[in-house]
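Chemist:
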Amino acid sequence: MIEILNQAELARARVTGALVAEILQTIRARATVGTNLLEIDAWTQAMIVGSGAQSCYVDYAPSFGRGPFAHYICTSVNDAVLHGRPYDYALRDGDLLTLDLAVTKDGIAADAAISFVVGDARPAGSLELIEATERALAAGIAAARPGARVGDLSHAIGTVLRAAGYRINTQFGGHGIGSTMHQDPHVSNDDRPGRGYKLRPGLLLALEPWVMADTADLVVDGDGWTLRSATGCRTAHTEHTIAITPDGAEILTLPPSAR
1 MIEILNQAEL
11 ARARVTGALV
21 AEILQTIRAR
31 ATVGTNLLEI
41 DAWTQAMIVG
51 SGAQSCYVDY
61 APSFGRGPFA
71 HYICTSVNDA
81 VLHGRPYDYA
91 LRDGDLLTLD
101 LAVTKDGIAA
111 DAAISFVVGD
121 ARPAGSLELI
131 EATERALAAG
141 IAAARPGARV
151 GDLSHAIGTV
161 LRAAGYRINT
171 QFGGHGIGST
181 MHQDPHVSND
191 DRPGRGYKLR
201 PGLLLALEPW
211 VMADTADLVV
221 DGDGWTLRSA
231 TGCRTAHTEH
241 TIAITPDGAE
251 ILTLPPSAR
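Residues in the sequence shown are numbered from 1 upward in steps of one, following full-length UniProt numbering.
Here you go:
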């Protein structure tokens, strides 16, 4: 299913996107050395419920997972890159933490992710990983406009990641979003330009470049959800929800400080 939102729905999407950004930035500020991943999940639950929104994750049970996700946010640490299920773990100085959050409010969903290093330590390569995903995301957004093809966005993202020296896994990537979290079209993190669905004003996309330092291969944790680098190397993941406009793309999940 591909949805094209009308102006009233886009206005609601802006509200949802702002909420996702606010929650992520609040948690980023509170996540310090010693913070437990289960605390982060509880904070997220409280903020979602307190805002009158609904979690896209807590009851999420796709074919690739093991039962409902049963948590409110993805917390991926170091070698974990996607679908990191919160568990009893206290963050350490230098941990690379990715927070991935999707919520629905007033019938419209928004999805975003941020990666950052906890504490004062800066393990080698961590900031480079994060910055590469941020640059790739910016390139994908810059390519998003009416008449562009999904492959144009994928090519822009992949070009940045490959130039930074990273291998690209195309099994998981971006996606359409609207009244539900995951919709068509799929937006791979690498592809040839000129291919795929033609973008139209009112289309919402969640673009999410992610990389692993020295591999493109994933392994699945025993929890049936958390995806890790096959070599144990560090990873990073950055995501925004955007709306295609007549003039280009509007980022719906920017934090207040960046607007």
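We put the CB at the ideal spot given by N, CA and C, even for glycine.
Answer yes if the region 178-189 comes into contact with the region 35-53, meaning at least three C-beta pairs across the two stretches below 8 Å, and no otherwise.
Modeler: Because the criterion of three Cβ pairs below 8 Å is not met, the region 35-53 and the region 178-189 do not touch.
Chemist: Can you tell me whether residue 208 is helix, strand or coil according to DSSP?
Modeler: Against the sequence shown, residue 208 aligns to sequence position 208. Reduced to three states, the DSSP call for residue 208 is coil.
Chemist: Pick helix, strand or coil for residue 75, following the three-state DSSP scheme.
Modeler: As a first step, residue 75 is located in the sequence shown; it is residue number 75 there, counting from the start. Strand at residue 75.
Chemist: May I ask which residues mark the beginning and end of the beta strand (DSSP E) holding residue 100?
Modeler: Indexing the sequence shown from 1 puts residue 100 at position 100. Looking at the DSSP string, the run of the beta strand (DSSP E) that includes residue 100 is 96-105.
Chemist: Could you compute how far the alpha carbon of residue 14 sits from the alpha carbon of residue 57?
Modeler: Here residue 14 refers to the residue found at position 14 when the sequence shown is read from its first residue. Here residue 57 refers to the residue found at position 57 when the sequence shown is read from its first residue. Distance between the alpha carbons of residue 14 and residue 57 is about 20 Å.
Chemist: Tell me the rounded alpha-carbon separation between residue 237 and residue 253.
Modeler: Within the sequence shown, numbered from 1, the residue matching residue 237 stands at position 237. Within the sequence shown, numbered from 1, the residue matching residue 253 stands at position 253. Cα to Cα, residue 237 sits roughly 15 Å from residue 253.
Chemist: Which first and last residues belong to the beta strand (DSSP E) in which residue 250 is found?
Modeler: Counting from 1 along the sequence shown, the entry for residue 250 is found at position 250. Looking at the DSSP string, the run of the beta strand (DSSP E) that includes residue 250 is 248-251.
Chemist: So is residue 40 buried or exposed if we call it buried at 16+ other beta carbons inside 10 Å?
Modeler: Position 40 of the sequence shown, counted from the first residue, corresponds to residue 40. So residue 40 counts as buried.
Chemist: For the region 111-126 against the region 80-94, do three or more pairs of beta-carbon atoms, one drawn from each stretch, fall closer than 8 Å, so that the two count as touching?
Modeler: Taking 8 Å as the limit for Cβ pairs, the verdict is that the region 80-94 does touch the region 111-126.
Chemist: Looking at the secondary structure, which residues open and close the beta strand (DSSP E) in which residue 114 lies?
Modeler: Translated into the one-based positions of the sequence shown, residue 114 becomes position 114. Counting along the chain, the beta strand (DSSP E) containing residue 114 begins and ends at 108-117.
Chemist: What are the boundary residues of the alpha helix (DSSP H) that includes residue 133?
Modeler: Numbered from its first residue, the sequence shown carries residue 133 at position 133. That run of the alpha helix (DSSP H) goes 126-142.
Chemist: Go ahead and pull the three-state DSSP assignment for residue 215.
Modeler: For the purposes of this step, residue 215 is taken as the residue at position 215 of the sequence shown. Residue 215 falls in the coil class under three-state DSSP.
Chemist: Are the beta-carbon atoms of residue 234 and residue 78 separated by less than 8 Å?
Modeler: Within the sequence shown, numbered from 1, the residue matching residue 234 stands at position 234. Within the sequence shown, numbered from 1, the residue matching residue 78 stands at position 78. Closer than 8 Å, so yes.
Chemist: Hey, residue 140 and residue 163: beta-carbon distance below 8 Å or not?
Modeler: The sequence position of residue 140 within the sequence shown is 140, counting from 1. The sequence position of residue 163 within the sequence shown is 163, counting from 1. Taking 8 Å as the Cβ cut-off, residue 140 and residue 163 do not qualify as a contacting pair.
Chemist: Specify the secondary structure class of residue 41 as computed by DSSP and reduced to three states.
Modeler: One-based indexing of the sequence shown puts residue 41 at position 41. DSSP places residue 41 in helix when its eight states are reduced to three.
Chemist: Pairs of beta-carbons, one from the region 142-162 and one from the region 100-109, closer than 8 Å: are there three or more?
Modeler: These segments do not touch.
Chemist: Which residues share a DSSP beta bridge with residue 236?
Modeler: Within the sequence shown, numbered from 1, the residue matching residue 236 stands at position 236. Answer is 211, bridged to residue 236.
Chemist: Tell me the residue span of the alpha helix (DSSP H) that contains residue 80.
Modeler: Locating residue 80 in the sequence shown gives position 80, counting from the first residue. From DSSP, residue 80 is part of no alpha helix (DSSP H) but of the beta strand (DSSP E) over 80-82.
Chemist: With residue 38 and residue 114 assumed to form a contact (beta carbons below 8 Å), what rounded beta-carbon distance in angstroms separates them?
Modeler: Counting from one through the sequence shown, the residue named residue 38 turns up at place 38. Counting from one through the sequence shown, the residue named residue 114 turns up at place 114. Not a contact, Cβ separation roughly 19 Å.
Chemist: Pick from 247, 200, 228 and 22: whose alpha carbon is nearest that of residue 101?
Modeler: If you number the sequence shown from 1, residue 101 lands on position 101. Looking at the Cα atoms, 22 is the closest of the given residues.
Chemist: Starting from the C-beta of residue 249, find all residues in its chain whose C-beta is less than 6 Å away, skip the five residues before and the five after it, and write them out in chain order.
Modeler: Counting from 1 along the sequence shown, the entry for residue 249 is found at position 249. Here the set comprises 141, 144 and 242.
Chemist: Under the criterion of a Cβ to heavy atom distance below 7 Å, does residue 236 qualify as lining the ligand FMN?
Modeler: Ligands displayed in this structure: none; no statement on the ligand FMN is therefore possible.
Chemist: Where do the ends of the beta strand (DSSP E) carrying residue 183 lie?
Modeler: As a working note, residue 183 is residue 183 in the sequence shown. Taken as a continuous stretch (DSSP letters only), the beta strand (DSSP E) holding residue 183 covers 183-187.
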